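Worksheet: the structure to be examined is printed underneath.
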Amino acid sequence: MTLPDSVSRRRALAGAATLSSWLAAVANAQTKSRPAGLRIGLIGCPAKDSPRAGLLRNAAHFLSQTQMAVTAVWDSDPSRAAAVAAHSPITPVDRFDKLIGRVDGVLISDPRALAWHPQLAAPYLKAGIPVWIDGPLAPSMASAHAMLDASARGKAALMAGTIEEFFPTTRILRGKANDLAPITAAMVAVSTLGRPHDRWAGVESVNALCAIFGTSAVKANRIGASAKDSAYAITFEYRGLNGERPIHIVAQGMRRGADRLWARLYGTDMTDQNHILSDDAEVDWLNSFLPAALAMQQMFQTGKAPEDSATLLAKTKLYLASCRSSLIPDGKEFPVADLSDAWTLENAHAGYLPEKLV
Amino acid sequence: MDGAKLKRIGVLGTEDDNPYTSHIYAQWAPLMNPPKDTVRRTGMLITHVWDKDRAVAEKFARLYGIPNVVERFDQMVGEVDGVIQSGYKASFWASELVRPYVEAKMPVYIDRPGAYSLARIRSLTDLAAKHDCPLMVSNNHENSGTVDLLKARVDALGPLTGMFADSLTDREMRFFSMHCIHGWFMIYPLLVGKVRRVRTFMADDSYPSPLSLMECENSDGSRFAAVLMRHRNVHRGYVKLFGRDASYEGTVYPPAHYQLKRTLSKQELVRDAKESWQYLLTNFSLPAMSKFELAIETRRMPQTYAQIVEKVQVFLAMHKSLLDGGAAVDLDRLDPQWTSPNPYPGYFPDGYFARG
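Same order as they appear, the protein sequences are chains A and B.
Under this note's numbering, the final residue of the first sequence carries the number 359; numbering is consecutive throughout.
Under this note's numbering, the final residue of the second sequence carries the number 401; numbering is consecutive throughout.
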């Protein structure tokens with residue numbers, strides 16, 4: 002399959018027989034057209050039929066339209082990495098730490114890998130290679146602190162985020178929140194490609210809330226964490242958005258039916274709402290994926306992360322607190338301050354990283 | 046319309062002339078007994094009125110040209126075609142007030158919440174079923190055109206994946222059963238048979254804005270959350286539905302003067318408020334009365350007895366959770382005897398409804 006240098010996402014998707022052949026084609030195209038671009042190492046390759054495949058297809062695609070190119074991949078399942086590399090100049094490596102010397106930046110993007118984010122990022126941070134994590138930073142606050150310490154020691158930029166934080170609509174909503182201030186309540190919906198009962202899934206909502214309203218939430222509550230759930234709802238009690246008065250902000254994540262991002266904000270006398278659609282592929286691409294890709298590129302080029310460590314820690318804590326809250330039997334709100342550094346998110350993918358490699 | 050053909054309505058309690066606490070006083074009565082030179086919009090006419098305070102009933106009767114003020118609450122049996130029970134103070138005793146009319150098979154409309162315990166609402170609906178009496182426990186919101194539109198669309202959305210709604214709040218949480226219930230009644234037609242577990246959080250006691258989260262289940266077994274936020278009176282209600290195949294939204298009664306508040310002059314605000322009130326009567330208050338009129342005409346109820354019970358049950362679960370600090374309440378575990386606090390204890394003295 003031959004793709005033009007300027008890849009049309011729709012054409013590429015339509016022409017690709019399998020994910021691996023499509024990724025390979027994109028890699029060929031980007032390598033031919035931009036040999037001098039930033040070399041990206043990708044940790045985590047999707048299974049062809051994975052719910053995450055769509056998102057990662059987009060991830061590969063947005064890379065192809067920037068100055069970045071995936072040049073090496075690793076996956077705990079070698080067949081996945083081999084499939085991605087089969088018809089392209091992408092090099093599969095057999096250990097997660099063997100991307101050193103081959104890449105200018107590392108993208109970790111795999112829900113199965115959350116428990117091992119610290120181990121996966123460590124060699125690169127130590128080597129001064131910037132690391133961008135798609136999703137939550139770490140499974141515990143203790144490991145989050147350790148990762149940021151490693152980042153500081155290695156003078157390597159570290160970022161963990163999701164695309165929602167970089168939507169133009171998110172920026173617009175942040176402006177509206179200022180216009181309507183004091184904010185008295187808000188409701189936000191995001192689409193989630195992961196399974197709602199996968200703990201990883203809630204991070205899109207948490208990050209969207211943090212990007213719009215900041216990280217001053219003091220209580221968390223999450224419902225919708227079982228295999229039967231088609232959606233989840235995360236509630237935060239915020240302080241500081243309405244003077245001293247606490248307010249509630251709720252986010253729902255849905256696999257289908259939501260716009261990419263929808264939000265309704267309440268001020269004292271006015272309401273306002275905005276959304277970004279996801280039913281037009283090109284609109285979705287331009288508004289949803291490209292902004293995050295450009296932020297990533299900027300970090301890899303400048304070595305400066307888009308968020309400071311305090312913000313990264315704060316949003317990680319809110320994400321973990323929302324997960325912790327779903328375990329409270331009586332369903333009450335969980336005080337964020339009660340989250341201990343040691344509390345660790347249950348690892349739903351034991352065995353992802355073979356013990357001998359850790 | 047020929048006056049002889051109008052359906053005769055009896056009013057069970059008027060209480061005061063605050064349009065927000067007594068819907069019958071300022072919202073529904075003008076639609077049934079319109080002032081001179083005003084277009085008649087219903088086929089109903091209030092012919093009888095009772096209130097615990099006779100002077101209040103007489104004032105109401107003078108205002109709306111009602112010929113009969115009765116002494117006892119049960120003295121309208123056989124005299125009217127249907128009765129409406131409304132008002133804050135007597136709401137706790139609604140089932141006692143309407144009992145004689147239910148037993149007489151006379152159509153009854155109870156302005157929310159209907160009952161303050163599961164046992165009481167079951168008792169009332171059982172009695173109504175026994176006597177084949179049309180019963181409505183309702184409010185303006187759920188009968189609005191907006192909710193009808195949403196109801197018509199909800200099946201086309203596929204299994205629901207989420208819902209956001211808001212409605213007005215109240216400054217005092219002792220009135221949770223009167224005001225904060227509005228939003229729930231508004232969205233109930235969209236969630237019939239779906240709610241399984243409820244929790245209500247309150248962030249700020251000094252400015253109450255309780256937030257209710259409902260864990261719901263579609264008929265295909267998939268689950269989703271419905272969120273009901275109570276907020277300042279920016280509008281009467283808002284609903285956003287998310288389904289597997291599409292999303293849809295609607296606003297219940299969005300008067301222009303609220304939306305444009307910041308840009309209107311004081312004079313414009315006064316004028317707009319008057320126009321807005323007429324808009325409220327015809328677009329917000331009328332549909333509920335029209336549906337009651339239809340129930341009298343056809344003796345068919347817009348909601349079944351079981352649905353009325355379910356609707357009250359969820360309200361009770363919401364209130365119980367609020368009082369329990371946000372602890373979740375499973376609907377099927379709600380104690381039938383658990384009673385939502387009476388906002389006006391002692392309004393009717395003990396033994397008032399005892400039968401001789």
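Note that the Cβ used here is the ideal one computed from N, Cα and C, for glycine as well.
Nothing here was measured: the structure is a model prediction, and the numbers come from that model.
* Does the beta-carbon of B:D200 have 16 or more other beta-carbons within 10 angstroms, so that it is buried, or is it exposed? -> Counting from 1 along the second sequence, the entry for residue 200 of chain B is found at position 155. With fewer than 16 Cβ atoms within 10 Å of its Cβ, B:D200 is classed as exposed.
* Asked: Since B:E338 and B:T87 are thought to touch, with beta carbons under 8 Å apart, how far apart are those beta carbons, to the nearest angstrom?
  -> Taking the first residue of the second sequence as position 1, residue 338 of chain B is located at position 293. Taking the first residue of the second sequence as position 1, residue 87 of chain B is located at position 42. Contact holds; Cβ gap of about 6 Å.
* Where B:L205 sits in the DSSP three-state scheme -> Here the question's residue 205 of chain B lines up with position 160 in the second sequence. B:L205 falls in the strand class under three-state DSSP.
* To do: Measure the alpha-carbon distance for A:V251 versus B:E260 and round it to whole angstroms.
  => Residue numbering aside, residue 251 of chain A sits at position 250 when the first sequence is read from its first letter. Residue numbering aside, residue 260 of chain B sits at position 215 when the second sequence is read from its first letter. Rounded to whole angstroms, A:V251 to B:E260 spans 14 Å at the Cα level.
* **Whole-angstrom distance between B:E262 and A:L115, CA atom to CA atom** => As a position in the first sequence, residue 115 of chain A is number 114, starting the count at 1. As a position in the second sequence, residue 262 of chain B is number 217, starting the count at 1. Rounded to whole angstroms, A:L115 to B:E262 spans 30 Å at the Cα level.
* Neighbouring residues, chain B, relative to A:R246 (Cβ below 9 Å) -> The sequence position of residue 246 of chain A within the first sequence is 245, counting from 1. By Cβ distance, chain B contributes A248, D249, S251 and Y252.
* To do: Pull up the distance between the alpha-carbon of B:Y392 and that of A:P140, whole angstroms please.
  => Looking up residue 392 of chain B in the second sequence gives position 347. Looking up residue 140 of chain A in the first sequence gives position 139. Near 56 Å, if we compare the C-alpha coordinates of A:P140 and B:Y392.
* Can you give the Cα-Cα distance for A:W75 and A:F97, rounded to whole angstroms? -> Within the first sequence, the letter at position 74 stands for residue 75 of chain A. Within the first sequence, the letter at position 96 stands for residue 97 of chain A. Cα atoms of A:W75 and A:F97: separation of roughly 6 Å, rounded to the nearest angstrom.
* For B:I232, verify whether its CB is less than 7 Å away from any heavy atom of the ligand MN. => The model depicted lacks the ligand MN and carries no ligand whatsoever.
* May I ask you to report which of helix, strand or coil DSSP gives B:H276? => Within the second sequence, residue 276 of chain B is the residue found at index 231, counting from 1. Looking at B:H276 - three-state DSSP - the assignment turns out to be strand.
* To do: Under 7 Å between beta-carbons, which chain B residues line up against A:D331? List them in chain order, please.
  => Within the first sequence, residue 331 of chain A is the residue found at index 330, counting from 1. Neighbours of A:D331 on chain B, chain order: A372 and A373.
* Measure how close the beta-carbons of A:G136 and A:A161 come, nearest whole angstrom, since I'm counting them as under 8 Å. => Within the first sequence, the letter at position 135 stands for residue 136 of chain A. Within the first sequence, the letter at position 160 stands for residue 161 of chain A. About 7 Å; that satisfies the 8 Å criterion.
* **A:E238: contacting residues in chain B (beta-carbon distance under 7 Å)** => Working through the first sequence from its first residue, we reach residue 238 of chain A at position 237. Correct list: A248.
* Asked: DSSP state of A:L354, grouped into three classes?
  -> As a first step, residue 354 of chain A must be located in the first sequence, where it is residue number 353. It is coil, neither helix nor strand.
* To do: Within its chain, find whatever has a CB closer than 7 Å to the CB of A:L181; leave out the 5 residues flanking it on each side and keep chain order.
  => By one-based count along the first sequence, residue 181 of chain A stands at place 180. Closer than 7 Å at the Cβ level, and outside the excluded window around A:L181, lie L266, G268, M271 and D273.
* List, in order along the chain, the chain A residues whose C-beta lies closer than 9 Å to that of B:A270? -> In the second sequence, counting from the first residue as 1, residue 270 of chain B sits at position 225. In chain order, I224, G225, D230, A232, Y233, A234, V251 and Q253 make up the part of chain A whose C-beta sits under 9 Å from the C-beta of B:A270.
* Asked: What does a CB cutoff of less than 6 Å around B:P347 pick up in its chain, not counting 5 residues either side in sequence?
  -> The count along the second sequence starts at 1 and reaches residue 347 of chain B at position 302. A distance below 6 Å between beta-carbons, with the five flanking residues on each side excluded, links B:P347 to the following residues of its chain, in chain order: K336.
* Figure out for me which residue from A:Q299, A:L314, A:A48 and A:D331 has the closest Cα to the Cα of A:D78. => Reading the first sequence from its first residue, position 77 is the one you call residue 78 of chain A. With distances taken between Cα atoms, A:D78 lies closest to A:A48.
* Along the beta strand (DSSP E) that carries B:E292, what are the first and last residues, could you check? => Walking along the second sequence from the start, residue 292 of chain B turns up at place 247. First, the residue type needs correcting, since residue 292 of chain B is Ser and not Glu in the sequence shown. Its beta strand (DSSP E) spans residues S292 to V297.
* Asked: DSSP state of B:K285, grouped into three classes?
  -> Indexing the second sequence from 1 puts residue 285 of chain B at position 240. If DSSP states are grouped into helix, strand and coil, B:K285 belongs with the strands.
* Just reading off the alpha helix (DSSP H) that B:Q120 is part of, what are its end residues? -> Here residue 120 of chain B refers to the residue found at position 75 of the second sequence. Looking at the DSSP string, B:Q120 is not in any alpha helix (DSSP H), and its letter there is neither H nor E.
* **Given A:L313 as reference, the closest of A:M188, A:E166, A:R154 and A:R113 once Cα atoms are compared** => On the first sequence, position 312 is the one that residue 313 of chain A refers to. Closest by alpha carbon: A:E166.
* Counting contacts by CB-CB distance shorter than 8 Å, is A:R113 in contact with chain B? -> On the first sequence, residue 113 of chain A is found 112 positions in, with the first residue counted as 1. False, the Cβ-Cβ gap to chain B never drops below 8 Å.
* Asked: Since B:M89 sits in a beta bridge, which residues does DSSP pair it with?
  -> Walking along the second sequence from the start, residue 89 of chain B turns up at place 44. Its beta-bridge partners are B:K52.
* To do: Determine, using beta carbons only, whether A:I41 and A:V104 come nearer to each other than 8 Å.
  => Locating residue 41 of chain A in the first sequence gives position 40, counting from the first residue. Locating residue 104 of chain A in the first sequence gives position 103, counting from the first residue. Contact check for A:I41 against A:V104 passes: the beta carbons are separated by less than 8 Å.
* To do: Go ahead and pull the three-state DSSP assignment for B:I166.
  => By 1-based counting over the second sequence, the position of residue 166 of chain B is 121. It is helical.
* Asked: Near A:R172, which residues of its chain fall below 7 Å by C-beta distance, leaving aside the five closest residues on each side in sequence?
  -> For this step, residue 172 of chain A is matched to residue 171 along the first sequence. If we look at A:R172 and ignore the five residues flanking it on each side, it has no Cβ neighbours.
* Can you give me the Cβ contacts of A:D111 inside the same chain, cut-off strictly under 6 Å, excluding the 5 residues immediately before and after it? => Numbered from its first residue, the first sequence carries residue 111 of chain A at position 110. The residues are G45.
* **Inter-residue CB distance, A:L319 and A:V189 (contact presumed, cutoff 8 Å)** => Taking the first residue of the first sequence as 1, we reach residue 319 of chain A at position 318. Taking the first residue of the first sequence as 1, we reach residue 189 of chain A at position 188. With a Cβ gap of about 14 Å, A:L319 and A:V189 do not count as contacting.
* Residues of the segment 198-219 of chain A whose Cβ lies closer than 9 Å to any Cβ of chain B, in chain order -> none
* Taking just the CA atoms, how far does A:I109 sit from B:R216? -> Taking the second sequence and counting its residues from 1, one reaches residue 216 of chain B at position 171. Taking the first sequence and counting its residues from 1, one reaches residue 109 of chain A at position 108. Our two residues, B:R216 and A:I109, have alpha carbons roughly 49 Å apart in a direct line.
* **DSSP-derived helix/strand/coil call for A:N243** => As a first step, residue 243 of chain A must be located in the first sequence, where it is residue number 242. Strand.
* For A:L340, collect the residues of the same chain with a Cβ closer than 8 Å to its Cβ; drop the 5 residues on either side in sequence, then sort them by chain order. => As a first step, residue 340 of chain A must be located in the first sequence, where it is residue number 339. The answer, listed in chain order, is M142, K318, L321, A322 and R325.
* Segment limits, beta strand (DSSP E) that includes A:D135 -> Against the first sequence, residue 135 of chain A aligns to sequence position 134. Note, A:D135: beta strand (DSSP E), V132 to D135.
* Can you tell me whether B:M145 is buried or exposed, with buried defined as 16 or more other CB within 10 angstroms of its CB? -> On the second sequence, position 100 is the one that residue 145 of chain B refers to. For the sequence presented, residue 145 of chain B should be read as Pro rather than Met. B:P145 is buried by the Cβ-count criterion.
* Report yes or no: do three or more beta-carbon pairs, one from the segment 115-126 of chain A and one from the segment 145-154 of chain A, lie closer than 8 Å? => yes
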